[in-house]
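Have a look at the structure below before the remarks.
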Amino acid sequence: MLYKRLIVACVLFFSTILICFSQSDGKTVDQLFTEKSVVEEIQRLADECWRLRVSDSDSALVLGKRALELSIQYDIKEALPKVYGFIGVIELHYLYRTKESIPNLHNSLRHSLIQKDSVQIAYSYNNLGDLYLITGNLPLSMRYSEYAVNMFEKLSHPSGRSYSYVNIGLVYREQEQFDLALQYFHKAIEIWRKLGNEVGIGAIYREIARTYEVKGDKDSAMKYYQRSYAMSVGVERVRYAAFCLNGMANIYYQRGQFDKAFEYYQNALDLNLKQDHDFGVVDNYIGMALVYAQKKKRVEGEKSLELAMKIALKLGINAKIIEASHSYIDFYKILGDYKYATLSFEKFNVQYDSVLSVQQFEIMNEMDRNFDMQNDLLLTEQKLKTNELMEQNLVMVIFFMIVVIAILIWRFRTNQRMNKKLEEMNQTKDKLFSVISHDLRNPFNSLIGFSELLITEIERKDCDKSRKYARFINQSAVEGLKLLTSLLHWSMSQSGKIHFQPEDVKFDEIINELKEFYTTDLNKNQIDFKIENEIDEVFIDPNIVRIVLMNLISNALKYTESNGTIFLSAFKNFSAIHIKVKDSGIGMSESLINKLFKEKSFTQSKAGLRGERGTGLGLSVVQELVQIHKGKIKVESHEGQGTTFELEFPCNHLVE
1 MLYKRLIVAC VLFFSTILIC FSQSDGKTVD QLFTEKSVVE EIQRLADECW
51 RLRVSDSDSA LVLGKRALEL SIQYDIKEAL PKVYGFIGVI ELHYLYRTKE
101 SIPNLHNSLR HSLIQKDSVQ IAYSYNNLGD LYLITGNLPL SMRYSEYAVN
151 MFEKLSHPSG RSYSYVNIGL VYREQEQFDL ALQYFHKAIE IWRKLGNEVG
201 IGAIYREIAR TYEVKGDKDS AMKYYQRSYA MSVGVERVRY AAFCLNGMAN
251 IYYQRGQFDK AFEYYQNALD LNLKQDHDFG VVDNYIGMAL VYAQKKKRVE
301 GEKSLELAMK IALKLGINAK IIEASHSYID FYKILGDYKY ATLSFEKFNV
351 QYDSVLSVQQ FEIMNEMDRN FDMQNDLLLT EQKLKTNELM EQNLVMVIFF
401 MIVVIAILIW RFRTNQRMNK KLEEMNQTKD KLFSVISHDL RNPFNSLIGF
451 SELLITEIER KDCDKSRKYA RFINQSAVEG LKLLTSLLHW SMSQSGKIHF
501 QPEDVKFDEI INELKEFYTT DLNKNQIDFK IENEIDEVFI DPNIVRIVLM
551 NLISNALKYT ESNGTIFLSA FKNFSAIHIK VKDSGIGMSE SLINKLFKEK
601 SFTQSKAGLR GERGTGLGLS VVQELVQIHK GKIKVESHEG QGTTFELEFP
651 CNHLVE
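Okay, so the sequence shown: first residue is 1 according to my numbering, each after it adds one.
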């Protein structure tokens with residue numbers, strides 16, 4: 001035992017030196033002893049405290065209290081639930097200081113609730129179940145143990161569930177419901193078996209043995225004491241082994257095998273003395289005293305009883321004081337000395353009443369002091385739940401508002417789009433009416449007027465004038481056809497009836513077709529049409545490209561003077577074809593260029609150099625068709641210097 005105490009002293013010495021150093025030279029904790037280091041030190045002390053709880057409970061308590069001091073000093077709140085719990089359990093189960101354990105166990109629960117540490121809350125409930133079991137409040141013990149079981153089940157925490165099952169079994173044993181007690185003990189064993197915890201299984205075997213002993217089933221009790229003892233051999237399990245030896249000694253005593261019983265009491269005593277386990281020593285001396293009584297060895301028996309009472313009083317454990325006091329009655333009854341037995345009984349009653357009243361007063365006083373704390377905890381928990389509920393409601397309200405705002409924005413934008421579309425449709429309608437009422441009306445008026453003049457001149461047989469009017473009629477018809485064609489193309493693009501349908505085509509055929517189509521106009525207006533085509537076969541939509549080029553060439557014809565030039569060039573690279581339509585015409589202003597390709601806008605058509613009329617739709621059609629073909633278009637022009645349109649169309653099969 002001395003070397004363990006020395007190790008504990010060294011641990012405390014060096015941790016104290018480290019903490020003191022962290023506060024020296026005016027330096028902050030952050031500089032010399034970071035929070036992480038403090039947390040690690042607290043964790044190390046707590047782990048060592050728990051490891052030594054059985055083999056050296058006093059040292060374990062010292063380490064636990066040091067961990068608590070550091071936790072409070074450096075405000076490491078998250079460590080408090082576990083550290084308070086360890087201290088309370090050691091005081092309750094291993095040092096049997098029931099009164100001292102109460103505030104620590106309640107503090108463990110309080111800080112667990114504050115930290116919202118679900119696992120430690122469950123362990124705190126379980127430890128309070130232990131506390132109320134030892135103090136004799138079985139209903140409260142059962143309630144807290146059931147709380148713990150329910151929480152451990154929700155947390156999927158099997159080891160915690162096993163501890164709670166044992167507590168419930170102990171309550172049922174105190175209520176003499178032995179079958180239920182055994183049922184819960186076996187449920188706990190199943191968990192420890194799955195987790196491979198032999199120490200836990202051995203401890204439960206000991207409780208099963210004790211249950212059979214109280215029940216009167218000596219054979220089953222002996223079997224389980226022996227099983228528990230076999231699993232309790234080892235340095236860290238000496239205390240458990242001593243309990244088992246004392247239990248087996250009780251069975252031998254009940255069977256009348258007093259020599260065997262004395263041998264086992266003596267073996268248990270040797271182990272307990274070796275471990276300074278005074279709690280077990282009291283039981284051993286009482287058992288040996290009763291064996292001495294059976295053998296009529298009064299002096300030896302009285303010495304054993306005196307030792308038991310002396311140690312019980314030194315421990316200050318009321319339960320052991322009462323047990324030692326009651327053993328005097330049994331001792332003198334066995335000897336047949338009823339005078340001393342009666343005196344012992346009277347002393348026992350006085351002592352029992354005194355001890356019990358003091359014990360109950362102390363416990364009730366401690367319970368009263370902790371009652372307010374429990375109420376505060378409940379209020380805090382209720383406030384936390386209320387705040388959490390308010391936060392949830394606030395989140396729901398915010399979410400609902402976001403949804404409503406999103407719907408309103410969506411409706412607003414939808415209405416905007418619809419209004420814009422409606423405006424565009426109105427523009428389209430106005431433009432269409434304008435074209436029909438004005439631009440298309442002029443060619444037909446010309447046709448009617450010149451045809452009437454032609455009829456008159458034919459009747460007069462004036463061939464020259466008839467020929468002249470016939471040419472005017474032809475010109476008006478051609479102009480009207482061009483206007484109708486442009487209007488048709490524009491209408492199809494607006495209604496979405498032009499679909500992208502690329503195919504492999506010979507580009508020369510499209511160029512030759514366009515050249516042939518415009519030959520008459522080119523010759524009549526004395527305009528030179530030059531072509532440089534480097535493209536043979538290409539993957540494009542021929543209809544879209546044809547319409548685009550027709551519009552651009554028509555535009556160039558309209559605004560190019562006689563003896564001018566229109567130049568069409570085309571070449572192809574890996575992924576696209578490039579077409580350029582360049583004229584030597586009158587060009588465009590920068591403001592007009594900026595309006596050309598604005599989506600859904602209409603540019604007022606300017607009369608051609610030879611009086612040609614236009615709808616103003618041609619370039620709108622070009623822009624939309626180029627987009628349908630996933631192409632690009634750009635224009636470069638200066639007034640008096642001609643205009644150049646550059647087209648780029650993707651021509652690989654990926655554009656499908």
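Cβ atoms here follow ideal geometry from the backbone N, Cα and C, with glycine treated the same way.
Could you give the distance in angstroms between the alpha-carbon of ARG546 and the alpha-carbon of ASN563? The C-alpha of ARG546 lies about 25 angstroms from the C-alpha of ASN563.
Decide if THR643 is buried, meaning its Cβ has at least 16 other Cβ atoms within 10 Å, or exposed. Flag for THR643 reads buried.
Is the region 245–253 close to the region 214–226, with three or more CB pairs under 8 angstroms? Under the Cβ criterion (8 angstroms, minimum of three pairs), the region 245–253 counts as touching the region 214–226.
For the candidate residues SER57, ILE540, ASP536 and SER554, whose alpha-carbon lies nearest to that of PHE529? Relative to PHE529, the option among SER57, ILE540, ASP536 and SER554 whose CA is nearest is SER554.
Would ASN652 and PHE539 qualify as a contact pair, given that the criterion is a beta-carbon distance under 8 angstroms? Taking C-beta atoms as the reference points, ASN652 and PHE539 count as a pair closer than 8 angstroms.
Measuring alpha carbon to alpha carbon, tell me which residue in ASN551, LYS506 and PHE517 is nearest ASP536. The residue with the shortest Cα to Cα distance from ASP536 is LYS506.
For HIS186, which three-state DSSP category applies? Here HIS186 sits in helix by DSSP.
Cβ-Cβ separation, LEU105 to VAL83 (assumed contact under 8 angstroms), whole Å: Not quite, the Cβ-Cβ distance comes to about 12 angstroms (not below 8 angstroms), so this is no contact.
Is the separation between the beta-carbon of LEU109 and that of ILE90 shorter than 8 angstroms? No. Outside cutoff.
Between which two residues does the alpha helix (DSSP H) holding THR98 run? Taken as a continuous stretch (DSSP letters only), the alpha helix (DSSP H) holding THR98 covers 98–115.
Between LEU522, ALA261, LEU453 and ILE577, which lies nearest to GLU648 when the distance is taken from Cα to Cα? It is ILE577 whose Cα lies nearest to the Cα of GLU648.
Report the CB separation of LEU313 from TYR285 in whole angstroms; it is logged as a contact under 8 angstroms. Rounded to whole angstroms, the Cβ separation of LEU313 and TYR285 is 13 angstroms, and the two are not in contact under 8 angstroms.
Within the region 270–325, ranges of the alpha helix (DSSP H) (whole runs, at least 4 residues): As far as the region 270–325 is concerned, its whole alpha helix (DSSP H) runs of at least 4 residues are 278–294 and 298–315.
To the nearest angstrom, report how far apart VAL54 and ARG161 are at their CA atoms. Taking the straight line from one Cα to the other gives about 21 angstroms.
Tell me which same chain residues have a C-beta within less than 7 angstroms of the C-beta of ARG51, skipping the five on either side of it? Answer for ARG51: no residue qualifies.
Exposed or buried, ARG206, counting other C-beta atoms within 10 Å across all chains shown (16 or more means buried)? Counting Cβ neighbours within 10 Å, ARG206 comes out buried, since at least 16 surround it.
So what does DSSP say about VAL583, is it helix, strand or coil? Looking at the sequence shown, residue 583 is not Val but Asp. ASP583 falls in the strand class under three-state DSSP.
Which same chain residues, not among the five before or five after VAL622, have their C-beta less than 6 angstroms away from its C-beta? Excluding sequence neighbours, VAL622 sits near VAL548 and ASN551.
How big is the Cα-Cα spacing for TRP192 and TYR225? Taking the straight line joining both Cα atoms gives about 18 angstroms.
Exposure label - VAL403; buried when at least 16 CB within 10 Å: By the beta-carbon neighbour count (other beta carbons within 10 angstroms, threshold 16), VAL403 is exposed.
In this structure, what does DSSP give as the bridge partners for THR644? Beta-bridge annotation (DSSP): THR644 is paired with LYS582 and GLU636.
The region 255–265 / the region 37–47 touching (three or more Cβ pairs under 8 angstroms): Contact between the region 255–265 and the region 37–47 is absent, because fewer than three Cβ pairs lie under 8 angstroms.
Report the CB separation of ILE87 from LEU131 in whole angstroms; it is logged as a contact under 8 angstroms. With 8 angstroms as the limit, ILE87 and LEU131 do not qualify as a contact, their Cβ atoms being about 13 angstroms apart.
From this set, ILE329, GLY316 and LYS295, which residue's C-alpha is nearest LEU305's C-alpha? Nearest option by C-alpha distance: ILE329.
Close-in-space but distant-in-sequence residues of the same chain around TYR252 (CB under 7 angstroms, 5 per side omitted): If we look at TYR252 and ignore the five residues flanking it on each side, its Cβ neighbours are LYS260, ALA261 and TYR264.
Give me whichever residues DSSP pairs with ASN533 in a beta bridge. ALA570, per the DSSP bridge assignment.
Just how far apart, CA to CA, sit ASN465 and LYS634? Checking the sequence shown, residue 465 turns out to be Lys, not Asn. Rounded to whole angstroms, LYS465 to LYS634 spans 46 angstroms at the Cα level.
By how many angstroms is the C-alpha of ASP179 removed from the C-alpha of ASP283? Rounded to whole angstroms, ASP283 to ASP179 spans 26 angstroms at the Cα level.
Which ranges does the alpha helix (DSSP H) cover as unbroken runs of at least 4 residues, wholly within the region 145–175, from first to last along the chain? Counting whole runs of 4 or more residues, the region 145–175 contains the alpha helix (DSSP H) stretches 158–174.
Please work out which residues of its chain come closer than 6 angstroms, Cβ to Cβ, to ALA181, disregarding the five sequence neighbours upstream and downstream, and give them in chain order. Result list for ALA181: GLY169, TYR172, ARG173 and THR211, in chain order.
For ASP278, which option in LYS420, LYS320 and HIS157 has the closest C-alpha, if you only look at C-alpha atoms? If we check each option's Cα against that of ASP278, LYS320 comes out closest.
Per-residue DSSP class, three states only, for ASP75: Look at ASP75 here: in three-state DSSP terms it is coil, with no helix or strand label.
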